[in-house]
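Below: one structure, written as structure tokens.
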Amino acid sequence: MTASLTQFQGRRAALLQVLAAGVAATVNLPVWAQPHSSRPIKVVVGSPPGALGDVIARLMAQKLGDALGQPSIVDNRAGASGGIAADYVAKSQGDGHTLLVAPDAVMVVNPFVFPKLPYDPTKNFRSVALLGKATLVLLVSPAMNAKSLTEFVQMAKAKPKAINFGSGGPGHPSHMAMELVASRLGLQLTHVPYKGTSLALQGLMGGDVNAVIVSMAEAMPQVKAGNVVALATSGPAAKEVFPNLPEFKESHPDLDISVWFGMFAPASTSADVVLRLNTEINKALGQADVSKRLAEFGLTVTPGLPSVLDELMAVDRARFGPLVKALGITAN
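In structure tokens:
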């Protein structure tokens, strides 16, 4: 009787240990890996519906949901140059179900432009994956009569500050790209900020500004319609559409510029969860329907480990940080 009781107690203790281990393992799993979990994967983006960031976020949310067997949603939190969305994710739980899709400016330029940024890109996030790079195009008004980048540079040098350019706002990628071009080619241009690149492009076509740098997707319809003149691009992806245009880097080695998009998780997210997410994102980027859809917006997909995104951010911070400070660019 005593022996039987002892055996029973031993079996009971062993069973409790197994159950406890199972519960602990489940608690430590990301939400989408827990049995019977119905919580959605939320991909947050600081762009309104229909914008490029939103398109990318919806593609990634769908592919992650399919791969992980979970519902997925896109949460549009536009405003503050992407800062509202970034701040929300920075303060979210690192359990694998809240992710951020953001362009380079949110992680690279904003810390230098906004004096009181509510999030710290270097401390509040973990890189998940580099999603793609968007090709940029330099456009000028037909009234300028500049037929090439060389002619544009000559005109700008002949009359410092006489040529103005529009951008999507202080610190916007379209602003920083043009300032980098001006800095590296020794130009003095006058900045005219707009509330978004679509308005800047309208300003160019209306004769209010002489030049803009916008994405290839924004540039193509206006170039084909003859409303603007394209002078240079930022990458080989434009060669199919603009085969005769030179790349910026042909004029200066440090003009390998583009707007990139990345996926990020809260800093508290475990390395295992980040690696799983990275694996699924890279699989998605390798699918023909995804690469084709992104190519329609001038994006080149770039699968890689999270470290690829970390290295890219470090290079861009070293390049744009001093430029922002030298130009005294600030935003409230």
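My numbering applies: residue 34 is where the sequence shown begins, and numbers increase by one.
Backbone N, C-alpha and C define an ideal beta-carbon position, used for all residues, glycine too.
Exercise. Quick one: Cα of LEU338 to Cα of LEU310, how far?
Worked result: Residue mapping note: residue 338 aligns to position 305 of the sequence shown, counting from 1. Residue mapping note: residue 310 aligns to position 277 of the sequence shown, counting from 1. Using only the alpha carbons, I get a separation of about 10 Å.
Problem set entry | Exposure of PRO276, with buried meaning 16 or more beta-carbon neighbours within 10 Å | If you number the sequence shown from 1, residue 276 lands on position 243. Flag for PRO276 reads exposed.
Problem set entry | CB contact flag (LEU222, ILE196, <8 Å) | Within the sequence shown, the letter at position 189 stands for residue 222. Within the sequence shown, the letter at position 163 stands for residue 196. Yes; because the gap between Cβ atoms is below 8 Å, this pair is in contact.
Problem set entry | Per DSSP, the bridge partner or partners of MET93 | Working through the sequence shown from its first residue, we reach residue 93 at position 60. None, per the DSSP bridge assignment.
Exercise. For LEU218, which residues from the same chain have a beta carbon less than 7 Å from its beta carbon, with the 5 sequence-adjacent residues on both sides left out?
Worked result: Here residue 218 refers to the residue found at position 185 when the sequence shown is read from its first residue. Excluding sequence neighbours, LEU218 sits near VAL186, SER284 and HIS285.
Exercise. By Cβ distance below 8 Å, which residues in the same chain neighbour GLY55 in space, the five residues on each side in sequence not counted?
Worked result: Against the sequence shown, residue 55 aligns to sequence position 22. With a pLDDT of 48 at GLY55, under the threshold of 50, the predicted position of this residue should be treated as unreliable, though the coordinate-derived value follows. Same-chain partners within the cutoff: there are none.
Exercise. For the putative contact between ASP343 and SER160, defined by C-beta atoms under 8 Å, what is the C-beta separation to the nearest angstrom?
Worked result: Here residue 343 is taken as the residue at index 310 of the sequence shown, counted from 1. Here residue 160 is taken as the residue at index 127 of the sequence shown, counted from 1. About 5 Å; that satisfies the 8 Å criterion.
Exercise. Does the distance from the CB of THR335 to the CB of GLY165 come in under 8 Å?
Worked result: On the sequence shown, residue 335 is found 302 positions in, with the first residue counted as 1. On the sequence shown, residue 165 is found 132 positions in, with the first residue counted as 1. Yes.
Problem set entry | Cβ contact check for the region 109 to 118 and the region 138 to 153: 3 or more pairs under 8 Å | yes
For this session: Classify THR454 as helix, strand or coil using the three-state DSSP reduction.
Result: The first residue shown for the chain is 34 and the last is 365, placing residue 454 beyond what the model contains.
For this session: Can you check the region 244 to 316 for any beta strand (DSSP E) of at least 3 residues that lies completely inside it and give the ranges in chain order?
Result: 244 to 248, 262 to 266 and 292 to 299
Exercise. Considering only residues of the same chain and omitting the five flanking positions on each side of VAL357, which have a CB-CB separation below 8 Å?
Worked result: Taking the sequence shown and counting its residues from 1, one reaches residue 357 at position 324. So the list reads VAL142, PHE145, VAL146, GLY204 and MET209, once near-sequence residues are dropped.
Problem set entry | For ASN178, the first and last residue of its enclosing beta strand (DSSP E) | The residue given as residue 178 occupies position 145 in the sequence shown. Unbroken run through ASN178: none, as it is neither H nor E.
Exercise. Which parts of the region 140 to 172 are runs of the beta strand (DSSP E), unbroken and 3 residues or longer, counting only runs that do not cross its ends?
Worked result: 158 to 167
Exercise. Thinking C-alpha only, which one of VAL306, LEU171, MET177 and PRO355 is nearest LEU234?
Worked result: The residue given as residue 234 occupies position 201 in the sequence shown. Here the closest residue by C-alpha is LEU171.
For this session: My understanding is that PRO299 touches THR131, with C-beta atoms under 8 Å, so please give their C-beta distance in whole angstroms.
Result: Here residue 299 is taken as the residue at index 266 of the sequence shown, counted from 1. Here residue 131 is taken as the residue at index 98 of the sequence shown, counted from 1. So it is a contact: roughly 7 Å between Cβ atoms.
For this session: Check whether the region 259 to 268 touches the region 171 to 183, counting contact only when three or more Cβ pairs, one atom from each stretch, lie closer than 8 Å.
Result: yes
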